[in-house]
Amino acid sequence: MSASHTILLVQPKKRTESCTYSDYESVQECLEGVCKMFEEHLKQINPHSPSITYDINQLFKFINNLVDLTCLVLEKSTGTYVPHNKDWIKEKIYVMLRQQAGQ
48 MSASHTILLV
58 QPKKRTESCT
68 YSDYESVQEC
78 LEGVCKMFEE
88 HLKQINPHSP
98 SITYDINQLF
108 KFINNLVDLT
118 CLVLEKSTGT
128 YVPHNKDWIK
138 EKIYVMLRQQ
148 AGQ
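The following block contains the structure:
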């Protein structure tokens, strides 16, 4: 994946006050950030569990349950940010995790 500056917009609840954003140096870092966000969610709902494990279906359900999740990826040739939706994010995470599992 290219090293394009990426902004992650997250709205977990219907209230607009719940909106947050994070910026990353690359799409890869952003995707890892989404996984970490889910892992933090699991730690909150399972505070006494010594370890956290999950499968990709649980991660995708978490993503689907967010009111909004958007990646804005810098297109260097135009200097503009291109928006990508949840489906794009899930596809990229799937590819990333498959590559990590194959190493």
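For the sequence shown, this note's numbering assigns the number 48 to the initial residue and increments by one for each residue that follows.
Note that CB positions come from ideal geometry on N, CA and C, so glycine has one too.
Distance check between Ser-69 and each of Asp-102, Val-120, His-95 places Val-120 closest, using alpha-carbon atoms only.
Exposed is the label assigned to Val-114, since fewer than 16 other Cβ atoms lie within 10 Å of its Cβ. DSSP, reduced to helix, strand and coil, places Val-142 within a helical segment of the structure shown.
Apart from the 5 residues on each side of it in sequence, Ser-73 sits with its Cβ closer than 6 Å to the Cβ of Ala-50 in its chain, given in chain order. Only residues of its own chain outside the window of five on either side were considered, and among them Leu-119, Leu-121 have a CB closer than 6 Å to the CB of Tyr-128, listed in chain order.
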